[in-house]
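Chemist:
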Amino acid sequence: MFNSLSDRLTATFKNLKGKGRLTEADVDATVREIRRALLDADVAVPVVREFTAAVKERALGLEVSEALNPGQQVVKIVNEELQNILGGQTRRIRMAKTGPTIIMLAGLQGAGKTTLAGKLGKWLKVQGHRPLLVASDLQRPNAVTQLKVVGERAGVPVFAPHPGTTSEFDDPTGDPVQVARDGVAQARARLHDVVIVDTAGRLGIDEALMAQARDIRDAVRPDEVLFVIDAMVGQDAVNTAQAFNEGVDFTGVVLSKLDGDARGGAALSVASVTGKPIMFASTGENVDDFEQFHPDRMASRILDMGDVLTLIEQAEKQWDQAEAEKMARKFTDQEDFTFEDFLAQMQQLRKMGSMKKMLMMMPGAAGMREQLENFDEREIDRVEAIVRSMTPHERVAPKIINGSRRARIAKGSGVTVSEVNQLMERFAQAQKMMKRLAQGKGVPGMPAGIPGMPGGGAGGGKKGKGKGSAKKGGSRSGNPAKRAQENAALEQQRKQKAPAGSAFGAGQAQPDPADLNLPKGFEKFLGK
């Protein structure tokens with residue numbers, strides 16, 4: 007969604023890289039480029055003015071002038087200010103102390119409220135709740151039918167006593183306020199702890215829409231009123247948000263269609279203009295493409311710092327712990343990594359969703375965006391087909407796979423022999439890498455001094471030459487003060503034996519790769 011904004015900001019910060027001191031002219035030029043990037047991304051003008059003024063004031067202050075790396079300090083400031091306009095802190099649902107928690111959805115027609123009701127219901131169900139969807143949109147043709155279908159896909163029951171309209175020529179019948187009230191009563195009777203009320207929308211803002219929304223709000227007294235907004239809408243998103251805020255006084259915002267290719271900057275303005283936090287984001291068409299909105303993580307994505315924490319959470323939800331422990335024991339015992347293991351890990355990764363989306367959460371992914379956009383998810387299917395075309399013995403003893411066997415495997419999997427050869431070569435490289443890791447030798451070619459990486463300490467990786475080389479695990483900086491500071495930091499890391507790092511110089515700690523609980527060596531196959 008924010009690809010254009012991310013590219014512009016990243017390019018702007020590259021001009022600051024390596025500068026030991028920033029002049030006022032440098033700051034003005036940087037702020038000017040940031041302003042242009044935000045305006046091009048459709049961010050509201052008042053928000054842009056406030057944002058750039060805050061960045062400029064802080065960039066000209068002591069926190070930058072006294073920093074050893076002023077360029078990175080400016081990036082840190084922009085990251086923090088982005089978090090502020092996105093809402094600051096992560097806002098979670100306020101659950102009712104007694105009775106069911108009532109959540110009302112409001113927004114224009116076409117924003118994706120009905121689909122989002124099912125996604126929110128599925129998300130709450132995974133959290134351990136018993137949600138009930140209530141079909142109070144009796145105006146849009148087949149809205150009730152759509153909610154039933156979405157509810158069935160999400161595995162969440164739907165309360166729909168009235169069929170609603172089935173054609174645009176039908177006059178709306180039934181009382182949506184009464185349906186909402188009866189839905190809450192049904193939830194209490196059947197011990198549902200969350201009620202999600204889907205309401206009607208319009209193609210534009212009108213008094214009838216607001217009046218009906220207010221009547222439903224007054225009838226059921228919701229704990230949360232979530233305003234659903236299409237993230238692909240332009241500047242009109244701000245006006246719509248303000249109108250709904252005045253009309254129904256919503257408590258939070260949900261961004262739908264965040265996976266679109268529009269500029270999306272207007273969505274960044276909603277929280278700042280209305281003062282209401284963005285709580286959730288819809289990132290795809292499936293019922294599982296829904297996530298809690300974290301301002302700090304979204305700011306990191308925009309600045310191409312990645313979102314490793316969300317990736318970890320997805321892995322923790324989907325990864326089979328028993329399989330992970332089995333793989334860890336095998337790695338510890340220095341047993342050979344086989345195609346059987348590889349196939350098991352492929353199936354585990356499939357549970358986590360789109361490989362492309364996962365890779366886009368990695369730091370620096372913007373530099374590979376074109377390759378990732380061209381990445382064919384079916385490549386995973388082809389690789390799995392190749393492995394499944396092997397006999398059980400071939401999977402555990404790949405060295406026996408000669409030319410005739412490779413021809414048979416290629417024919418059985420519908421690929422060429424060269425594709426089988428490529429997979430075999432990558433697999434052999436991964437086996438060698440895993441053996442080196444198990445023996446504590448580190449990854450071949452990995453420079454020393456990289457915290458948190460096997461062999462990344464002093465003496466790891468390739469041998470260096472000359473003063474301050476990787477051989478001694480020291481800094482290569484030409485700045486004496488900076489080199490002394492970096493060497494002291496490396497020495498402290500060696501003493502503590504703990505990984506440390508920063509994301510794009512913003513001082514954001516990076517999670518230990520071990521926290522992902524992914525099998526060692528499996529990443530060798532990604533991106534190839």
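First residue of the sequence shown? That's 7 in my numbering, and the numbers climb one at a time after it. Where a beta carbon is used, it is the ideal one built from N, C-alpha and C, also for glycine.
1) Whose CA, out of G127, Q115 and Q89, lies closest to the CA of T107?
2) Taking the alpha helix (DSSP H) that M238 falls in, what are its first and last residues?
3) How far does the alpha helix (DSSP H) with A416 in it reach, from first residue to last?
4) Please check the pair L309 and S288, which I expect to be a contact at CB under 8 Å, by giving their CB distance rounded to whole angstroms.
5) Would you kindly work out how many angstroms separate the C-alpha atoms of V402 and T344, rounded to a whole number?
6) Terminal residues of the continuous alpha helix (DSSP H) containing Q78?
7) Where does A117 fall in DSSP's three states?
8) Please state the DSSP three-state secondary structure of E291.
9) Which term fits T16, buried or exposed, when burial requires 16 or more other beta carbons within 10 angstroms of its beta carbon?
10) For the alpha helix (DSSP H) that V190 lies in, which residues bound it at each end?
11) Going by C-alpha distance, which of L45, A31, I91 and A219 is nearest A60?
12) Tell me whether the region 83-102 and the region 275-290 touch, counting them as touching only if at least three CB pairs, one residue from each stretch, are closer than 8 Å.
13) Near G418, which residues of its chain fall below 7 Å by C-beta distance, leaving aside the five closest residues on each side in sequence?
14) When the Cα atoms are used, what is the spatial distance from R55 to Q89?
15) Below 8 Å, can you find three or more Cβ-Cβ pairs linking the region 74-81 to the region 111-123?
16) Pull the bridge partners of Q437 from the DSSP assignment, please.
17) Is the region 252-260 touching the region 136-148, taking contact as three or more C-beta pairs under 8 Å?
18) Taking Cβ to Cβ, would you say R153 is nearer than 7 Å to A141?
19) Between the Cα of V219 and the Cα atoms of V234, I40, A434 and A112, which residue gives the shortest distance?
20) Just curious, the alpha helix (DSSP H) that A305 is in, first and last residue?
21) Whole angstroms are fine: how far does the CA of E431 sit from the CA of K438?
22) Can you tell me the Cα-Cα spacing of A102 and D229, whole angstroms?
23) Would you give the residue range spanned by the alpha helix (DSSP H) that A219 belongs to?
24) With a Cβ-Cβ cutoff of 7 Å, do T280 and A247 count as a contact?
25) Grouping DSSP H, G and I as helix and E and B as strand, with all else coil, what is P404?
26) Would you give the residue range spanned by the alpha helix (DSSP H) that G258 belongs to?
27) For L66, which three-state DSSP category applies?
28) State the Cα-Cα distance for the pair G290 and V132, rounded to the nearest angstrom.
29) What do you get for G420, buried or exposed, if any count of 16 or more other CB atoms within 10 angstroms of its CB means buried?
30) Determine the DSSP secondary structure at I202, reduced to helix, strand or coil.
31) From the DSSP secondary-structure annotation, give me the bridge partner or partners of M396.
32) What whole-angstrom Cβ distance do G207 and L197 have, given they're in contact under 8 Å?
33) Within this structure, are the beta carbons of A47 and L22 separated by less than 7 Å?
34) In angstroms, rounded to a whole number, what distance separates the CA positions of V423 and V393?
35) Count the other CB atoms within 10 Å of the CB of K62; is the residue buried (16 or more) or exposed (fewer)?
36) With H, G and I counted as helix, E and B as strand and the rest as coil, what does DSSP make of Q354?
Modeler: This is what the structure holds:
1) On the sequence shown, residue 107 is found 101 positions in, with the first residue counted as 1. Comparing C-alpha distances from T107 to each of G127, Q115 and Q89 shows the shortest one belongs to G127.
2) Counting from one through the sequence shown, the residue named residue 238 turns up at place 232. No alpha helix (DSSP H) contains M238, which DSSP labels as neither H nor E.
3) If you number the sequence shown from 1, residue 416 lands on position 410. Note, A416: alpha helix (DSSP H), G409 to S419.
4) On the sequence shown, position 303 is the one that residue 309 refers to. On the sequence shown, position 282 is the one that residue 288 refers to. Contact between L309 and S288 does not hold, since the beta-carbon distance rounds to 22 Å and is not under 8 Å.
5) Looking up residue 402 in the sequence shown gives position 396. Looking up residue 344 in the sequence shown gives position 338. Computed Cα separation, rounded: 5 Å.
6) Walking along the sequence shown from the start, residue 78 turns up at place 72. In this chain, the alpha helix (DSSP H) harbouring Q78 covers P76 to I91.
7) The count along the sequence shown starts at 1 and reaches residue 117 at position 111. In the structure shown, A117 sits in coil (DSSP, three-state: anything other than H, G, I, E or B).
8) In the sequence shown, residue 291 corresponds to position 285, counting from 1. Note: E291 maps to coil in three-state DSSP.
9) Here the question's residue 16 lines up with position 10 in the sequence shown. By the 10 Å Cβ count, T16 comes out buried.
10) In the sequence shown, the residue the question calls residue 190 occupies position 184. From DSSP, the alpha helix (DSSP H) with V190 extends over P182 to A195.
11) Working through the sequence shown from its first residue, we reach residue 60 at position 54. Minimum Cα distance to A60 is reached at I91.
12) Contact between the region 83-102 and the region 275-290 is present, because at least three Cβ pairs lie under 8 Å.
13) Within the sequence shown, the letter at position 412 stands for residue 418. Taken in chain order, the residues that qualify are S395.
14) Numbered from 1 along the sequence shown, position 49 holds the residue referred to as residue 55. Numbered from 1 along the sequence shown, position 83 holds the residue referred to as residue 89. R55 and Q89: Cα-Cα distance of roughly 16 Å.
15) Touching, no, given that fewer than three Cβ pairs across the two stretches are closer than 8 Å.
16) Translated into positions along the sequence shown, residue 437 becomes position 431. BP columns for Q437 are empty, so no partner.
17) No contact exists between the region 252-260 and the region 136-148.
18) Your numbering for residue 153 matches position 147 in the sequence shown. Your numbering for residue 141 matches position 135 in the sequence shown. The sequence shown places Leu at residue 153, rather than the Arg named in the question. Closer than 7 Å, so yes.
19) Translated into positions along the sequence shown, residue 219 becomes position 213. It is worth fixing the name first, because residue 219 is Ala in this sequence and not Val. Minimum Cα distance to A219 is reached at A112.
20) As a first step, residue 305 is located in the sequence shown; it is residue number 299 there, counting from the start. Residues P301 to I308.
21) Counting from 1 along the sequence shown, the entry for residue 438 is found at position 432. Counting from 1 along the sequence shown, the entry for residue 431 is found at position 425. Their Cα atoms are separated by approximately 11 Å.
22) If you number the sequence shown from 1, residue 102 lands on position 96. If you number the sequence shown from 1, residue 229 lands on position 223. Rounded to the nearest whole angstrom, the C-alpha separation of A102 and D229 is 7 Å.
23) In the sequence shown, counting from the first residue as 1, residue 219 sits at position 213. It spans E213 to V226 - the alpha helix (DSSP H) in which A219 sits, taken as one unbroken run.
24) In the sequence shown, counting from the first residue as 1, residue 280 sits at position 274. In the sequence shown, counting from the first residue as 1, residue 247 sits at position 241. The Cβ-Cβ distance between T280 and A247 falls below 7 Å.
25) The count along the sequence shown starts at 1 and reaches residue 404 at position 398. Looking at P404 - three-state DSSP - the assignment turns out to be helix.
26) Numbered from 1 along the sequence shown, position 252 holds the residue referred to as residue 258. First-last for G258: G258 to S262, but that is the beta strand (DSSP E), not the alpha helix (DSSP H).
27) As a first step, residue 66 is located in the sequence shown; it is residue number 60 there, counting from the start. Coil.
28) Here residue 290 refers to the residue found at position 284 when the sequence shown is read from its first residue. Here residue 132 refers to the residue found at position 126 when the sequence shown is read from its first residue. Each residue's Cα considered, the two are about 18 Å apart.
29) Residue numbering aside, residue 420 sits at position 414 when the sequence shown is read from its first letter. Its Cβ having fewer than 16 others within 10 Å, G420 is exposed.
30) The residue labelled residue 202 in the question sits at position 196 within the sequence shown. I202: strand per DSSP, three-state reduction.
31) Position 390 of the sequence shown, counting from 1, holds the residue named residue 396. Looking at the DSSP assignment, M396 forms no beta bridge with any residue, so it has no partner.
32) Within the sequence shown, the letter at position 201 stands for residue 207. Within the sequence shown, the letter at position 191 stands for residue 197. Cβ atoms of G207 and L197 stay farther apart than 8 Å, at about 30 Å.
33) One-based indexing of the sequence shown puts residue 47 at position 41. One-based indexing of the sequence shown puts residue 22 at position 16. Cβ atoms of A47 and L22: not closer than 7 Å.
34) The residue you call residue 423 lines up with position 417 of the sequence shown. The residue you call residue 393 lines up with position 387 of the sequence shown. Between V423 and V393, the C-alpha separation is close to 13 Å.
35) Position 56 of the sequence shown, counted from the first residue, corresponds to residue 62. Counting the other CB atoms within 10 Å of its CB gives K62 a total of 16 or more, which places it among the buried residues.
36) To locate residue 354, count along the sequence shown from 1; it is residue 348. Q354 falls in the helix class under three-state DSSP.
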